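Step one of this worksheet: look at the structure below.
Residue numbers (my numbering): 26 to 132.
This is how it looks when you write it as structure tokens:
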């Protein structure tokens, strides 16, 4: 299933293929757009030229945001936020090229 959005195509993750290097393809071409899944956790992942680039988000079944992680060229880069189901911030992490630089955990 695909959806057309404002600027980037949205494609169900079950319609994406990937190679041994985890590069994602749609209809035989490197995928640029947003993949989404509804099972078991609703998620969206942004891709550019087959690699994760930009935000990846997961939601609780209740609809609340579970996590948001930024990627650049398939590695975590920038801020990652994780939330409790009630919406309060659980953890905040900062990555530089896949390396964890700082982490703040909430209780």
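Ideal placement from N, C-alpha and C gives every residue a C-beta, glycine not left out. Computed from a predicted structure; not experimentally measured.
Query: I need the boundaries of the beta strand (DSSP E) containing residue 33, first residue and last residue.; Result: Premise fails: residue 33 is in no beta strand (DSSP E) and is neither H nor E.
Query: Skipping 5 residues on each side, what residues in its chain have a beta carbon closer than 6 Å to that of residue 73?; Result: 57
Query: Measuring CB to CB, does residue 11 end up less than 9 Å from residue 59?; Result: For residue 11 there is no data in the structure shown, the boundaries of the chain being 26 and 132.
Query: Going by beta carbon distance, what residues of the same chain come within less than 6 Å of residue 26, once the five residues before and after it are set aside?; Result: Any reading at residue 26 needs caution, since the residue's pLDDT is 48, under 50, leaving its predicted position unreliable; the model's value is listed next. Excluding residues within five positions, the ones whose Cβ falls inside 6 Å are 37.
Query: Let me know if residue 43 comes out buried or exposed under the rule of 16 or more other beta-carbons within 10 Å of its beta-carbon.; Result: exposed
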